[in-house]
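Residue numbers (my numbering): 34 to 149.
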(Lines of atoms letter the chains of each structure in order from A and count residues from 1; the text may use other names and numbers.)
(Lines give C-alpha, C1' and ligand atoms only; values in the text may rest on other atoms or scores of the structure.)
Protein backbone atom coordinates (compact mmCIF):
# COMPACT_ATOMS: atom_id res chain seq x y z
CA UNK A 1 0.00 0.00 0.00
CA UNK A 2 1.53 3.30 -1.09
CA UNK A 3 1.45 6.48 0.85
CA UNK A 4 -0.73 9.23 -0.55
CA UNK A 5 0.86 12.50 -1.53
CA UNK A 6 0.70 14.96 1.33
CA UNK A 7 -0.44 18.36 0.15
CA UNK A 8 0.88 21.18 2.22
CA UNK A 9 -0.82 24.55 2.16
CA UNK A 10 0.93 27.30 0.21
CA UNK A 11 3.02 29.83 2.05
CA UNK A 12 1.47 33.10 3.09
CA UNK A 13 3.27 36.39 2.54
CA UNK A 14 1.88 39.15 4.75
CA UNK A 15 3.01 42.65 3.87
CA UNK A 16 2.31 45.95 5.59
CA UNK A 17 2.51 48.89 3.20
CA UNK A 18 3.16 52.46 4.22
CA UNK A 19 3.09 55.54 2.00
CA UNK A 20 6.44 57.03 3.00
CA UNK A 21 9.65 56.16 4.83
CA UNK A 22 9.91 56.68 8.58
CA UNK A 23 13.30 58.35 8.79
CA UNK A 24 13.31 60.64 5.78
CA UNK A 25 9.61 61.26 5.30
CA UNK A 26 10.23 60.61 1.60
CA UNK A 27 7.32 59.00 -0.19
CA UNK A 28 7.80 55.63 -1.79
CA UNK A 29 8.56 56.33 -5.39
CA UNK A 30 7.01 54.60 -8.35
CA UNK A 31 10.02 52.32 -8.88
CA UNK A 32 9.77 50.97 -5.32
CA UNK A 33 6.05 50.35 -5.71
CA UNK A 34 6.68 48.49 -8.99
CA UNK A 35 9.41 46.37 -7.32
CA UNK A 36 7.08 45.48 -4.44
CA UNK A 37 4.31 44.52 -6.87
CA UNK A 38 6.77 42.36 -8.86
CA UNK A 39 7.88 40.65 -5.65
CA UNK A 40 4.28 39.86 -4.77
CA UNK A 41 3.65 38.57 -8.29
CA UNK A 42 6.58 36.16 -7.89
CA UNK A 43 5.07 34.83 -4.67
CA UNK A 44 1.73 34.34 -6.44
CA UNK A 45 3.39 32.51 -9.33
CA UNK A 46 5.00 30.12 -6.82
CA UNK A 47 1.59 29.33 -5.31
CA UNK A 48 1.86 31.55 -2.27
CA UNK A 49 -1.01 33.56 -0.87
CA UNK A 50 -0.25 37.29 -0.64
CA UNK A 51 -2.05 39.39 1.96
CA UNK A 52 -1.35 43.10 1.85
CA UNK A 53 -2.43 45.49 4.56
CA UNK A 54 -1.97 49.21 4.77
CA UNK A 55 -0.10 50.22 7.90
CA UNK A 56 -3.15 52.25 8.90
CA UNK A 57 -5.31 49.11 8.83
CA UNK A 58 -2.93 47.19 11.06
CA UNK A 59 -2.63 50.04 13.57
CA UNK A 60 -6.30 51.05 13.66
CA UNK A 61 -8.04 47.69 13.12
CA UNK A 62 -5.66 44.93 14.22
CA UNK A 63 -8.43 42.47 15.11
CA UNK A 64 -10.00 42.93 11.67
CA UNK A 65 -6.61 42.16 10.10
CA UNK A 66 -6.43 38.98 12.20
CA UNK A 67 -9.88 38.06 10.91
CA UNK A 68 -8.68 38.43 7.30
CA UNK A 69 -5.72 36.13 8.00
CA UNK A 70 -7.97 33.59 9.76
CA UNK A 71 -10.42 33.64 6.84
CA UNK A 72 -7.59 32.97 4.37
CA UNK A 73 -6.29 30.08 6.47
CA UNK A 74 -9.84 28.74 6.70
CA UNK A 75 -10.11 28.81 2.91
CA UNK A 76 -6.81 26.93 2.55
CA UNK A 77 -7.08 24.20 5.17
CA UNK A 78 -10.56 24.51 6.62
CA UNK A 79 -9.51 25.58 10.10
CA UNK A 80 -12.59 27.11 11.72
CA UNK A 81 -12.49 30.79 12.56
CA UNK A 82 -12.75 31.42 16.28
CA UNK A 83 -16.02 32.82 17.60
CA UNK A 84 -14.03 35.75 18.91
CA UNK A 85 -12.95 36.73 15.37
CA UNK A 86 -16.29 36.11 13.68
CA UNK A 87 -17.77 38.99 15.66
CA UNK A 88 -14.98 41.39 14.68
CA UNK A 89 -15.85 44.11 12.19
CA UNK A 90 -14.95 43.40 8.56
CA UNK A 91 -11.75 45.17 7.58
CA UNK A 92 -12.27 48.48 5.82
CA UNK A 93 -10.54 48.55 2.44
CA UNK A 94 -7.93 51.22 1.80
CA UNK A 95 -7.04 51.99 -1.80
CA UNK A 96 -3.32 51.67 -2.59
CA UNK A 97 -1.88 55.15 -3.00
CA UNK A 98 0.13 56.34 -5.96
CA UNK A 99 3.33 58.35 -5.82
CA UNK A 100 1.54 61.70 -5.97
CA UNK A 101 -0.78 60.72 -3.11
CA UNK A 102 2.15 59.37 -1.08
CA UNK A 103 4.00 62.67 -1.55
CA UNK A 104 0.95 64.57 -0.32
CA UNK A 105 0.57 62.19 2.64
CA UNK A 106 4.23 62.74 3.53
CA UNK A 107 3.89 66.53 3.37
CA UNK A 108 0.83 66.35 5.61
CA UNK A 109 2.53 63.81 7.90
CA UNK A 110 -0.59 61.69 7.49
CA UNK A 111 0.81 58.72 9.41
CA UNK A 112 1.01 60.88 12.55
CA UNK A 113 -2.82 60.76 12.62
CA UNK A 114 -2.82 57.08 13.57
CA UNK A 115 0.64 56.36 14.97
CA UNK A 116 1.14 57.06 18.64
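We treat Cβ as the ideally placed atom computed from N, Cα and C, and that holds for glycine.
| Item | Value |
| --- | --- |
| Mind the definition here: the stretch 86 to 97 touches the stretch 125 to 136 only if three or more C-beta pairs lie below 8 Å; say whether that holds. | yes |
| In whole angstroms, what separates the C-alpha of residue 96 from that of residue 83? | 18 Å |
| Here's a check: name, in chain order, each residue in its chain whose Cβ is nearer than 8 Å to the Cβ of residue 138, leaving out the five neighbours to either side. | 52, 53, 60, 130, 144 |
| Report the option in 74, 122, 64, 43 whose CA atom is closest to the CA atom of residue 132. | 64 |
| Roughly how many whole angstroms lie between the Cα atoms of residue 72 and residue 81? | 11 Å |
| Mind checking which residues open and close the alpha helix (DSSP H) that includes residue 142? | Taken as a continuous stretch (DSSP letters only), residue 142 belongs to no alpha helix (DSSP H), as it is neither H nor E. |
| Counting only the same chain and skipping the five closest in sequence on each side, list residues whose C-beta sits under 6 Å from that of residue 45. | 82 |
| If you follow the alpha helix (DSSP H) that residue 55 is part of, which residue opens it and which one closes it? | No alpha helix (DSSP H) holds residue 55; DSSP gives it neither H nor E. |
| Which residue wins for smallest C-alpha separation from residue 57, given the options 146, 142, 149? | 142 |
| Would a C-beta distance cut-off of 8 Å place residue 43 and residue 149 closer than the cut-off? | no |
| For residue 47, which residues in the same chain have their Cβ closer than 6 Å to its Cβ, ignoring the five residues on either side in sequence? | 84 |
| Could you tell me the alpha carbon to alpha carbon distance between residue 117 and residue 105, rounded to whole angstroms? | 16 Å |
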